[in-house]
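Written below as structure tokens is the structure these notes are about.
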Amino acid sequence: MVNRRSTAYCDSCYQSAKSEYEKMKDELKANQENDPCYRCGAQEASIRDLDDDYWTVNCDDCWNKVLLLREEDKRKGKEFNELLLEMKQQMSQPDE
Numbered sequence: 283m284v285n286r287r288s289t290a291y292c293d294s295c296y297q298s299a300k301s302e303y304e305k306m307k308d309e310l311k312a313n314q315e316n317d318p319c320y321r322c323g324a325q326e327a328s329i330r331d332l333d334d335d336y337w338t339v340n341c342d343d344c345w346n347k348v349l350l351l352r353e354e355d356k357r358k359g360k361e362f363n364e365l366l367l368e369m370k371q372q373m374s375q376p377d378e
């Protein structure tokens, strides 16, 4: 994912990139006691997977905020998609 756009990779490149990602993540886990929360700087933080390709280091409080924001974004996206569908349906109906 680059700039919120999907990127296509051949199997070989994908496996190579995934291997590098896992290696970086493992190195971070090994040094985790030294890495504070990326958002607030709290020392008690852990690695959290944002999705298959991205991770972050957050304390529990900040991670819960991230999850809440993600759910709000999904809800807003759903509301927008429903509104868009409704508008399309209205536009496709013949005027009476």
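Using the working numbering, read the sequence shown as starting at 283 and increasing by one per residue.
Just so you know, even glycine gets a beta-carbon here, dropped at the ideal spot from N, CA and C.
message: Along the chain, where does the alpha helix (DSSP H) containing D308 start, and where does it finish?
response: 293-312
message: Determine whether the beta carbon atoms of V339 and C319 lie at a separation below 8 Å.
response: yes
query: When DSSP labels each residue in this structure, what does R357 get in the three-state scheme?
result: helix
Length of the line joining the Cα atoms of G359 and L366: 10 Å
- prompt: Going by the CB atoms, is the gap between R357 and W345 shorter than 8 Å?
  reply: no
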